[in-house]
Each structure stands twice: as C-alpha cells, then as structure tokens.
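Written out below as structure tokens is the structure these notes cover.
This is the structure:
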C-alpha cells in the first residue's frame, strides 16, 4: 500500500489519481449494477431514508462549494467502501463476482486514501465525520417522530397500552401482588443516574452546539413549505458548512469546572421541564380525566447524581477547591432556575380572594412573610393586592434569589422549607376549589423541587483506597499538623477534601454531597480509613460531615470476596450508626469496567451476576435495604447496552425498586439530549425497575440462573482462560499500543482525567478501562466486548442448549444481543490492517481467529445470517454506517502506519508528525460518532 507518505512535490495526490482513473473501472460498474440491490437490502423506513438522503445531498453541495476535487474524492471513496462492505451482509457473499468486486472496492479505497495529500485526507476525515453527525440527527429525529406518532394513537387513560411502559409495569404489579403491594413498591421506586466526567465524548462543545441547531432546523423543516422552506434550507446549509469547517478537536482539555457545564446544558435543555412531564404522564395514565384535579399518584422517583468535580480517583485536576466551585455552580444555577419558575407560576396565578379565598395556613404563611420582610411583602401587595396565592409566590421567588445571594436574613434554610411553603399554597388552592391550579402548575413546581432540591444533583466523592492508606501512614509518621515533619501534599489534599465536603453540606444541604465512594475497596479497613480521615480533618469531630461510605468492588477477586468484606463493614461503628439513621439502607457499588478488563466480558458478566445475587441474599439475611450502584459505561466492554433489559435480567432482590447507574460520555447526550427520547428512556428504566420486583420476573431470573449454571461455569472458565492468555502474551502491552491509536487518544482534549491513574504502575493494569475499550473500538476490533466467547462456546459445544438459554434466560439473552451489536461494528478487513501495524503474526492470528469464531457462534445462537439481522432498524442503520466508518478507519490506519514505522523519526519532520497526529484525532472523533456507544 504505497503512497502513505505526505506528498511533498504536489503530484500523485488523491485528486490527481482520481482524475486519471478509469471512470469505467470494474468496481464503478459493479456499484452501478448493484445500487438498486444494495438499496433494497439496506432499506430503512422511508422517512429516515429521505432525511439521510437529504443531509447527504446537502453535505455534497457544501463539499462542492468548498473544493470540487474533495467532493469528487468523497463520492469515489463512498462508492468504493460501500461495495467493499456489502459482502459482509449480502446473501450472495459466496459469489466469486461479488467477492472480487468487494476486494477491488477495498483496494481502490485504500489506494485513494493512501494517495491523497495530507490536506485532502484531513478534508475527507472532516467530511465523513460531518456526515455521521448529520446521520445521527436523522436517526434521532426519526425515533422522535415514531414515538410521537405512536403516542397520538394511544388513549390517555389506557394504562395497558405498551406505549405507556410505566403504567403497564404498574398494572402488572397490581395483578401479581395486589394494589397495596404495588403501591408500596411504587413508593420505593428510584432511578438514580449519576453523570460522570469520564472522557468518552470525543465531540467538542462547539460542534455539539451546531448539531443541536441543525437538529432544531430539521425538525422545523418537516412542517414548512414555500419561502419558509427556502429560508430553512439556507440556514441548514449555513450550519452544515460551519460544522464542516470547524475543527473537530478542541484547543484544550476542559477543566473540571467547565465539565460541569455538561450537566447544566442537559438540565436547562431537557431535565428540568421533562422530568415533571414524565410524572404527569403517569398520572394521566392512572387517573384518566381526574388527572390534574386530584392529588398526584406519581412519586418524584428521579434523583440525579454527579461525579463531575468530585471524582478525584486518579484525576489530580479535581481538588477540594474545584469541588467547592462546582457545588456552588450547581447550587446557584438551581436556585435561580427555581426562582424564575416560581415567579412564572405566581405571575399566572391571578386568582382573586373573592373566587379563591386563602385558607388559614396560607394566611399564616403570609404573616410569617410579612414578619420576615415588609419590603418583600409590600412589593408583592402592590402587584397582587387581592390575589393572596400570587402574592405569596412572589415573596417565595424573592426569597429564593436571596438564598442564591446568601442573604442570611431572607434565605431559605433548605429546599425542604421552600417545599413546605409550596405545599401550603397548593393546599389552600385545593380547599378553595382551584384544583386545576393546585394540581397543575403548582404540582409541577413541587415535583421539580422534590427531584432537584436546591442542589440540582447529588455530588458523590470518589477516591482510590490506596490514597487513604498512604495519607494515614503519612499522618502517623509526621503528626496530624506536621509536628514531626511536613505532611505530603496528597495528604493535605485528602484532608481538604473532607473539609470541602463539610462546607458543601453546611451551605448547600445534606443531599448536595453525602456519599463517598472507595475505588478498589478490598477490605473493611478501607472503609474505616475514610471515617478516620473524616474525623481527623476537623478540630472538632462534631463538625465532620455526615457520610455514607460506599465500597466499590470492581476487580474479579473483589467481586468474589464482596460478601465477606460487607460482613465486616457492617460491624464498623460509623456504619452501624448510618444503618440505624437510615432505616437499614445501605449502598454498594459494582464496577463493570475493571472486572471486564481483568477477566474478559463473559467472565465479568457472570461474576457480576453472581455477586449481585450473593449480596442481595446477604442483605436480606441482615434485614438491610440494599441499593446496588452499577458502574457501567456506554460500550459493551464496559457493561453497556440497553439499560432497561439489563435491569430486568438482574438476580431476585438485587434491584429492590431502585436502579442507580453511571451515565457518561456520548451516552449522556444520546439519552438526555432530546426531551422526547429522554422521557422515553426514563420511563423505560423506571418501568423495568418496577417490573424487576414482580414475582414472575424474580422467578424467571432465579429458575433460569439455576438451570443454566453448568453452562455458565463452562463458558466462564474457558473464556477467562482464553482472554487472560492473550493479555499475558509476551510484550502484549506495547503491541496493543502499536496496533491501536491508544497513544493518540491520550492527546484528545476530551476530558480533564488522565488516561492513567498515576499511582505508580507501569503496565496494562494501570491503564483505565475507558482508553482500553475506546482504542479497540477505534481499531474496529472491539476486542474488549467479545474476546473469549467464541472459544467458550466451542468448548461447551451444545448449540441447542445455548439457543435455549438465549430464549429463556434474560441475562444470557441480553449478553448475546450486546455482543452481536458489538460484532456488527467490527470489520475483519479493517482490523487486519490495524493488526499489521504490530508485526506480530501470532497475536494477529489469535485475535482474528477468535473474532471469526465468536461471530460464527453468536450468529448460530441468534439465528441471524449477519449481525443484528433480526433487529431491523438498528441492524440496517449500522449496516449503512459501516462503509463510511471504513473510510475514516482507512485514513486513521494510513496515519498510524507512518507514525509507527521504525524509521519514521528520521523520515518525518515535526510539522509532518503533527499533521499525522491531527489526522488521527480527526478520525477518532468521526469513528466515535459513526459507531456510537464506544466508551
């Protein structure tokens, strides 16, 4: 594959080669002959296909305006990779003509990329990346339109319609456990997503803003025509042009304080208005025409958390000072938002006292407000002299602004006091007969306060257990105040962290920050260490914050020992006190990432399932109300996949009507970026969380886990041996760094967290799972998601039992479907090119053979001819995307090949090296956008 160097003489560029190419080449002819066939085989729903054709045509127009040669190269490359890719799916793949055309298509694509100049290659990378952003929008808009269309056909009071997932789940609970039992479970319901700053979102903020504007314009376009359509198209063209011309790589990494803007954006654009609509929809389904005129039946079950600005495990950029700033940022924004919302509700509550008299409680509230501030109440009376409910709300809004400004004379002591005032207004309105105001806008505001409080998100602090151990050793050696020498900076920072926690609790409320998670928790001593440091940080231990210290079991050995460790933890005096104060509630976190990296995806999945079952049984024996916190990522190799199916597959008693999970990277934007899709996601998780407690679901999970225990043991042992064997191969770590863009990914300014924990390790063990998974995804191998499963299935050998387990056992069904999705995004031809970079035929053969074997077994188990064939929309969408991802992968391989050469340092100057690295970073962003759920 010659021609991979930068062209220095202006000749033999991709554009020149294209101009000199035979326009009637066999591949070009094959494209023409099979275009209709490919279109039929890869068909998408008409609306989605039309939108994707539209944005592709618009992008081609922009490329033509930018540079006609780039457009010509873009079109030629598209044709080549489409033909090369189609062989993976077409039923006639065994046809010699079809195979030969595919081989030629790939060769011509490689030749075009390798023969292009650096400027051309970078432009093509941007073009294909832009296409993926636009294609993602089309798919998102299609999902939204389908949901809206389906909802338009559903009766409001039809709780049995599948569209009403939450009410369907609740009705099933009523059928199985009776109304009283279902009501108790509903009151316990919690969905607790925890937004993290883990850097798997390769898209810069400037790009994200343009994408959101294009999305809005495309949504409007469907309902416009004539001159309005013309203006809409002009604006879309302008945004696409700007998107293409904008560098996909940010100039610098964000600070942790800047990372907090991710939550603010999601809160402002989606969560604040969407969450009460979810609650309202449940009321509508369950109460029918009475909804909004009687007390709500839906509890505020959504409780968002955050690690942004508080997760310091291996991130030196997160300091005590940063945590305070982020907490204040959340608090100030939340209280100001509530102030505006309260003022808006009050402004519209123009119910005068003659038609809607205040009750005694509201009059007492008004008296307290007058005692608090004559100025505020006089101002409210000037506006609403005969509108008592409105006047009270105006004063409440002013008090919220005083709360934001920390005005001690006027501020609320906490969100609970404000909530009490709101409920007083609501009760007075209801008693006066204004039930639609009471259970309409006022109820919406109550839901928002119950959900977000004054803190917006519950900040959770996390640190590695070894940091606590070293800090205590330092204190014992030098004295708490350094009487016998200077304390290490790390020790001082640890103590400052607890002081920051105390300050946040004192100023923003207990819920603002009360959980402390210990990474790599291996013994009860690690929990004792945190409580001891929390005491030592304060001159008076009474000033120490109230903490729930949460053990995080993430490595395989830790998962297996979890119950023994928990048995010791509950004997710790501070833990006993917290159990007593919280009605025996306790939280345990399980790490999906490190267990998967340590033992492989199959063993990790089964180990996590076993651990959850054991912990649930242990908790039941002690009368502990357990909450399991799932540290899942977006990629399959990090526990990713449809979360609602994952909930339903958990062991009996392990969910307990509460589901807590990390949300990070591109998953945050995908799940919560659009209000309609976000509502559907929240409802799906909530319904699954309820249903998991249904006796029928628990029985299925328990029975099937027992029935297929023998099969699981065989798969576990065989897959783990295969996976660990690969990782233990000689010089595996440098080989992995060579055949993937691991090093270059570390240069991406996509998060404040370093790729390594920085605790002294110098091997694969020290590498975070995020770059481990992300790098394999970039190389189109996705090894972290499936490696070892093929060998395990071959070892087990009983296809009929595997198929039976796939049909009957929710855990195995979910696992195999996730693996199939991951395999759908791999490509053996592209993977071959990446693996060639390592010059290790033994390892290359081992990986490719296992990929082939795993693919064969998964397809045999699911009964598909190609990955995701039975999931029509998702399968076709991935199938259509794959060729475009191939184009970016080829550009990435070209750059990596040049940088990985033994003599590259002598051949490439500093400027050329920088150009290649920039090209890689551009392709990383594009591949991530094309594959999605990559981190």
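In the numbering used here, the protein residues as written are 835 to 1769.
Backbone N, C-alpha and C fix where the C-beta goes; we use that ideal spot for every residue, glycine too.
Check whether the Cβ atoms of residue i and residue j lie closer than 8 angstroms to each other.
i            : j            : result
residue 1333 : residue 1397 : no
residue 1558 : residue 1433 : yes
residue 1771 : residue 966  : Absent from the structure is residue 1771, since the part of the chain shown begins at 835 and ends at 1769.
residue 1747 : residue 1733 : yes
residue 1291 : residue 1372 : no
residue 1620 : residue 1574 : no
residue 1351 : residue 1384 : yes
residue 1279 : residue 1179 : yes
residue 1423 : residue 1386 : yes
residue 1400 : residue 1445 : no
residue 1637 : residue 1548 : no
residue 1184 : residue 1215 : no
residue 1718 : residue 1646 : no
residue 1154 : residue 1353 : no
residue 1348 : residue 1359 : no
Where residue i and residue j are concerned, what is the direct C-alpha to C-alpha distance, given to the nearest angstrom?
i            : j            : result
residue 1535 : residue 1486 : 7 angstroms
residue 826  : residue 1287 : Residue coverage of the chain in this structure runs from 835 to 1769, which leaves residue 826 outside it and unanswerable.
residue 911  : residue 938  : 12 angstroms
residue 1560 : residue 958  : 35 angstroms
residue 1275 : residue 1643 : 45 angstroms
residue 1006 : residue 1116 : 15 angstroms
residue 1011 : residue 1004 : 10 angstroms
residue 1673 : residue 1570 : 11 angstroms
residue 1720 : residue 1618 : 20 angstroms
residue 1691 : residue 1546 : 15 angstroms
residue 1207 : residue 1243 : 9 angstroms
residue 1607 : residue 1653 : 14 angstroms
residue 1272 : residue 1079 : 51 angstroms
residue 1076 : residue 1040 : 10 angstroms
Go ahead and pull the three-state DSSP assignment for residue i.
i            : result
residue 1326 : helix
residue 1430 : helix
residue 1030 : coil
residue 1551 : helix
residue 1459 : strand
residue 1207 : coil
residue 1422 : strand
residue 1392 : helix
residue 976  : helix
residue 965  : helix
residue 1145 : strand
residue 1024 : strand
residue 950  : coil
residue 1229 : helix
residue 1496 : strand
Run the CB neighbour count on residue i, radius 10 Å, all protein chains shown included, and call it buried at 16 or more, exposed below.
i            : result
residue 1209 : exposed
residue 1324 : exposed
residue 1519 : buried
residue 1410 : exposed
residue 1315 : exposed
residue 1277 : buried
residue 1144 : buried
residue 1150 : exposed
residue 1634 : exposed
residue 809  : Residue 809 is absent from the structure shown; the chain starts at 835 and stops at 1769.
residue 884  : exposed
residue 1435 : buried
residue 1616 : buried
residue 1576 : buried
residue 1021 : exposed
residue 1073 : buried
- Query: Any contact of the segment 1710–1729 with the segment 1744–1762, i.e. 3+ C-beta pairs under 8 angstroms?
  - Reply: Taking a cut-off of 8 angstroms for Cβ pairs, the segment 1710–1729 and the segment 1744–1762 touch, as three or more such pairs fall below it.
Within the chosen definition, does the segment 896–908 reach the segment 970–984 through at least 3 CB pairs nearer than 8 angstroms?
-> The segment 896–908 vs the segment 970–984: no contact.
- Message: For the pair the segment 1091–1100 and the segment 1501–1510, tell me if three or more CB-CB distances fall below 8 angstroms.
- Response: Because the criterion of three Cβ pairs below 8 angstroms is met, the segment 1091–1100 and the segment 1501–1510 touch.
Kindly confirm or deny that the segment 1221–1233 and the segment 1183–1202 touch, where touching means at least three C-beta pairs closer than 8 angstroms. With a cut-off of 8 angstroms, the segment 1183–1202 and the segment 1221–1233 count as touching, because enough Cβ pairs lie within range.
Self-check item: the segment 1046–1055 touching the segment 1080–1091, judged by at least three CB pairs closer than 8 angstroms
Solution: The segment 1046–1055 is not in contact with the segment 1080–1091.
> Would you call the segment 1105–1114 and the segment 1122–1139 touching, i.e. three or more CB-CB distances under 8 angstroms?
Replying inline: Cβ pair count under 8 angstroms is three or more, so yes.
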